[in-house]
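Engineer: One structure follows; several queries about it will come next.
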Amino acid sequence: FFPPQTLLLFSHSLDTNADCTLLVADQWLELLLPDPDSALRLLGTALRLRAAWELLLDQHLGGSSGAEPGERDATTLRRGLLEFLQEKVPYRLRQLTALQQRSLYVGPQTVAATPQLPGLFQGVEMKPHETKGGHRVTPFLTYNCLTDADLYNECLRSFWTCPHCGLHAPFTPMERICHENACRTPEGGDGGQEEPQSCPQTSALQRPYRCDVCQRDFSFTPTEILRHRRQHR
């Protein structure tokens, strides 16, 4: 047996649903994290650890123009990996059948003008995935591309307190990850000197939608999609 953190760290590709409680690793192994808070925390930590690990490896291999990596950076990464792997969270693993693998993704949808969506990290722009649907966050992570029968999941908000700035407000899962990573104080920096980068909430909820009845492309929130579908009944 191995913890779900292993999949988040080493999978070649990771795909998620709207609230990140359902992930598929390498298109064949499904990971269910029933607690949304644990799911978001694990995914956010895994992204930061993978980025730090890749940077250290690049420096060791001489691919970086900077200086040789210091022992402090390696020690920090080792400590972070140990703490991450030792965390206990409820989860369920399932191997997908060939039929399930063929119906994993919402698929590509086009609109006249794709809305500008926030990235999980400052300076990283999420772009629609060309084949899976959803949005590409990193070369290995595609957010909200898995088929989900509940279209309301994407826009449900719950109250959450940011551990960095103390803000207590209702967030969707995507807004929460975006805020926490933008608000995170750099290690060794002076916290509170800069305001965290805000995430545009309206565009974060919109998704490309193609209506087969009226043959038009839209940029709708999940609620607007359901409302539009009812108009054709």
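For the sequence shown, UniProt numbering gives the first residue as 1, with consecutive numbering after it. Glycine included, each C-beta is placed from N, C-alpha and C at the ideal position. Quantities reported herein were computed from a predicted structural model and do not represent experimental measurements.
On the DSSP bridge assignment, give the partners of residue 30 in chain order.
Structural biologist: Working through the sequence shown from its first residue, we reach residue 30 at position 30. In DSSP, residue 30 forms a bridge with 24, 94.
Engineer: So, helix, strand or coil for residue 58, using DSSP?
Structural biologist: Along the sequence shown, read from residue 1 onward, the residue named residue 58 stands at position 58. Three-state DSSP puts residue 58 in a helix.
Engineer: On the premise that residue 91 lies in contact with residue 147, defined as a C-beta separation below 8 Å, what is that separation, rounded to the nearest angstrom?
Structural biologist: Counted from its first residue, the sequence shown places residue 147 at position 147. Counted from its first residue, the sequence shown places residue 91 at position 91. 20 Å between Cβ atoms; not a contact.
Engineer: For the beta strand (DSSP E) that residue 169 lies in, which residues bound it at each end?
Structural biologist: What you label residue 169 is simply residue 169 of the sequence shown in a count that begins at 1. Unbroken beta strand (DSSP E) run through residue 169: 168–171.
Engineer: How far does the alpha helix (DSSP H) with residue 140 in it reach, from first residue to last?
Structural biologist: For the purposes of this step, residue 140 is taken as the residue at position 140 of the sequence shown. Here residue 140 belongs to no alpha helix (DSSP H), and DSSP marks it neither H nor E.
Engineer: Residue 132: which of 214, 213, 97, 101 sits nearest, CA to CA?
Structural biologist: By 1-based counting over the sequence shown, the position of residue 132 is 132. Looking at the Cα atoms, 101 is the closest of the given residues.
Engineer: Anyone know if the C-beta pair for residue 8 and residue 32 falls short of 8 Å?
Structural biologist: As a working mapping, residue 8 is identified with position 8 in the sequence shown. As a working mapping, residue 32 is identified with position 32 in the sequence shown. Not a contact, by the Cβ cut-off of 8 Å.
Engineer: What number of angstroms, rounded off, separates the C-alpha of residue 103 from the C-alpha of residue 88?
Structural biologist: As a working mapping, residue 103 is identified with position 103 in the sequence shown. As a working mapping, residue 88 is identified with position 88 in the sequence shown. Answer to the nearest angstrom: the Cα atoms are 31 Å apart.
Engineer: With DSSP run on the structure shown, which of helix, strand or coil describes residue 6?
Structural biologist: The residue given as residue 6 occupies position 6 in the sequence shown. Three-state result, residue 6: helix.
Engineer: How would you call residue 62, buried or exposed, if buried means at least 16 neighbouring beta carbons within 10 angstroms?
Structural biologist: Counted from its first residue, the sequence shown places residue 62 at position 62. It is exposed - the Cβ of residue 62 has fewer than 16 other Cβ atoms within 10 Å.
Engineer: What span of residues does the alpha helix (DSSP H) with residue 76 cover, start to end?
Structural biologist: Here residue 76 is taken as the residue at index 76 of the sequence shown, counted from 1. Residues 71–86.
Engineer: Note down the Cα distance separating residue 118 from residue 220, rounded to an integer number of angstroms.
Structural biologist: Locating residue 118 in the sequence shown gives position 118, where the first residue counts as 1. Locating residue 220 in the sequence shown gives position 220, where the first residue counts as 1. Here residue 118 scores only 39 on pLDDT, less than 50, and its place in the model is too uncertain to base an answer on.
Engineer: Check residue 12 in the structure and name its three-state DSSP category.
Structural biologist: Looking up residue 12 in the sequence shown gives position 12. Three-state DSSP puts residue 12 in coil, outside helix and strand.
Engineer: To the nearest angstrom, how far is the alpha carbon of residue 97 from that of residue 27?
Structural biologist: For the purposes of this step, residue 97 is taken as the residue at position 97 of the sequence shown. For the purposes of this step, residue 27 is taken as the residue at position 27 of the sequence shown. Using only the alpha carbons, I get a separation of about 10 Å.
Engineer: Taking its Cβ as the centre, do 16 or more other Cβ atoms sit within 10 Å of residue 113, making it buried, or is it exposed?
Structural biologist: Counting from one through the sequence shown, the residue named residue 113 turns up at place 113. Residue placement at residue 113 is poorly supported in this model, since its pLDDT is 38, which falls under 50; the coordinates still yield a value, given next. Exposed.
Engineer: Tell me the rounded alpha-carbon separation between residue 216 and residue 209.
Structural biologist: Taking the first residue of the sequence shown as 1, we reach residue 216 at position 216. Taking the first residue of the sequence shown as 1, we reach residue 209 at position 209. Approximately 9 Å, taken between the alpha carbons.
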